[in-house]
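Just so you know, full-length UniProt numbering puts 159 at position 159 of the sequence shown, and the rest follows in order with no gaps. Reviewing the structure listed below.
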Amino acid sequence: MSSADPDTALAAVLPPELRELLRGRVLRVGQAVWGGRPGRHLAARAGAGDVFRGHRPYVPGDDLRRLDWRAAARDDRYVLRQHDAEDVLSAVFLLDGSGGMSYGTGMERKSTYAAALVAGLASLAARQGDRLGLASGGAGGIELQQARPQGGARRLLALAEALARPPAGICPWPRLVAAVGPQLPRRSLVVLVSDFLDPCAEGQVAGDMPEEAGLPAAEAGLLDELAALAGRGHAVVLLQVLHRDELEFPWSGRDLLRLEDVRGVRPEVEGLGASLRAAYLQRVRAYLAGFEGGCLARGLVSHRVVTDTPVTAAFLGLLRALQGEPAPEEARP
Numbered sequence: 001m002s003s004a005d006p007d008t009a010l011a012a013v014l015p016p017e018l019r020e021l022l023r024g025r026v027l028r029v030g031q032a033v034w035g036g037r038p039g040r041h042l043a044a045r046a047g048a049g050d051v052f053r054g055h056r057p058y059v060p061g062d063d064l065r066r067l068d069w070r071a072a073a074r075d076d077r078y079v080l081r082q083h084d085a086e087d088v089l090s091a092v093f094l095l096d097g098s099g100g101m102s103y104g105t106g107m108e109r110k111s112t113y114a115a116a117l118v119a120g121l122a123s124l125a126a127r128q129g130d131r132l133g134l135a136s137g138g139a140g141g142i143e144l145q146q147a148r149p150q151g152g153a154r155r156l157l158a159l160a161e162a163l164a165r166p167p168a169g170i171c172p173w174p175r176l177v178a179a180v181g182p183q184l185p186r187r188s189l190v191v192l193v194s195d196f197l198d199p200c201a202e203g204q205v206a207g208d209m210p211e212e213a214g215l216p217a218a219e220a221g222l223l224d225e226l227a228a229l230a231g232r233g234h235a236v237v238l239l240q241v242l243h244r245d246e247l248e249f250p251w252s253g254r255d256l257l258r259l260e261d262v263r264g265v266r267p268e269v270e271g272l273g274a275s276l277r278a279a280y281l282q283r284v285r286a287y288l289a290g291f292e293g294g295c296l297a298r299g300l301v302s303h304r305v306v307t308d309t310p311v312t313a314a315f316l317g318l319l320r321a322l323q324g325e326p327a328p329e330e331a332r333p
């Protein structure tokens, strides 16, 4: 793809109804950032923002215009008002470009749906002057050329073009996270976008013993690495994009089915629909519960969307999740 401008490239991945929804919207995160220059997000330092931070004692040489005369009259001592600064945000998207994201058709295709949500967030961030980064894993291995966050139209164009690439191969999540971590600026927003079904399949064999209820040891290790990023001050969000078929397995009866891993990692499975459905639902429900519980136990934000949900509704829910607002119980897939 060789679009000449970001708007043209974004039109390929951003549905018209979502583009319309972006009008007047802002991107906010639920924790303080550290961008190094003025922006729209609460910063983890004192500065010239609008949010009152507190007082500190006056020392000779301070700007007298910052004295709080009311507090001085009340407490009989000179103090200065301090405010929180507002900085730009560094937002880095880690995208699953594997063949597993190719399931579905039209707007319900997982990769298409995920690209729309990421494009919406990137559009808001770019409009606010925030910095954008993108790294992905797929048939070509790990792609890190755009991982270091930058601002400007050229970065938004590169991100939009990357989102339009067809998914294939396998996403090596542990290696991707390990490669991106050292490149993250202080207090970045890190959004991982995937179905997170078997994300650590590279180099494994079926039947690995679980470390936690429903959560294999490798996946638990991946969450530990993400928790370490959060411990260094980054806001880590796992956006899980699923197709309704993956939650309900709509094939049953006595039809003979053959299930193939489009990533080429796991062996094919054959059997009658009824028996495969029962075993699959038991396993996937246990895994999803373990995955969500593993994120919760480590203080990570996980947000699940299903591709038959209107993309505008999913996007609004994602904005709330990024701000740290819990999803209403009835809105959870």
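Note that CB positions come from ideal geometry on N, CA and C, so glycine has one too.
Residues sharing a beta bridge with residue i, DSSP
i    : result
D96  : G137
S275 : Paired residues: none, contrary to the question.
L259 : V269
H303 : L239
V190 : V92 and V236
L184 : Its beta-bridge partners do not exist; DSSP assigns none.
R131 : S90
Chain C within 8 Å of residue i, Cβ atoms only
i    : result
G233 : In the structure shown, chain C does not exist; there is a single protein chain.
Residue of the options minimising C-alpha distance to residue i
i    : options                   : result
L134 : G294, L121, P149 and V306 : P149
L159 : V236, A12 and S188        : A12
S275 : G293, Y287, G253 and V284 : G253
G138 : G120, L223, G169 and G221 : G169
D255 : G271, V88 and L157        : G271
G324 : V265, P310, R266 and L238 : L238
L184 : L215, E292, A153 and L132 : L132
H234 : L281, G106, G181 and V269 : G181
R266 : R19, L316, E17 and G100   : G100
L257 : C200, V241, Y280 and G214 : Y280
D198 : F291, E17 and R25         : F291
Whole-angstrom distance between residue j and residue i, CA atom to CA atom
i           : j    : result
residue 343 : Y78  : Look at the range of the chain in this structure, 1 to 333, and you will see that residue 343 is not part of it.
L124        : L229 : 24 Å
Q176        : S302 : A quick correction: the sequence has Leu, not Gln, at residue 176. The straight-line gap from Cα to Cα measures roughly 18 Å.
R320        : L189 : 14 Å
V284        : E202 : 19 Å
Y287        : D130 : 35 Å
L94         : V193 : 6 Å
P57         : W69  : 12 Å
G293        : A71  : 47 Å
residue 380 : E225 : Shown here, the chain extends from 1 to 333; a query on residue 380 therefore has no answer.
A278        : R127 : 47 Å
Y103        : A289 : 22 Å
V118        : V311 : 11 Å
A122        : R19  : 12 Å
Supposed close pair residue i, residue j - CB separation, criterion 8 Å
i    : j    : result
D96  : D195 : 7 Å
S111 : R263 : Incorrect: roughly 13 Å between the Cβ atoms, too far for contact.
L157 : D308 : About 30 Å separates the two Cβ atoms, so there is no contact after all.
L322 : V29  : 6 Å
request  = May I have a chain-ordered list of the beta strand (DSSP E) segments no shorter than 3 residues that lie completely inside the segment 137-171?
outcome  = Counting whole runs of 3 or more residues, the segment 137-171 contains the beta strand (DSSP E) stretches 141-150.
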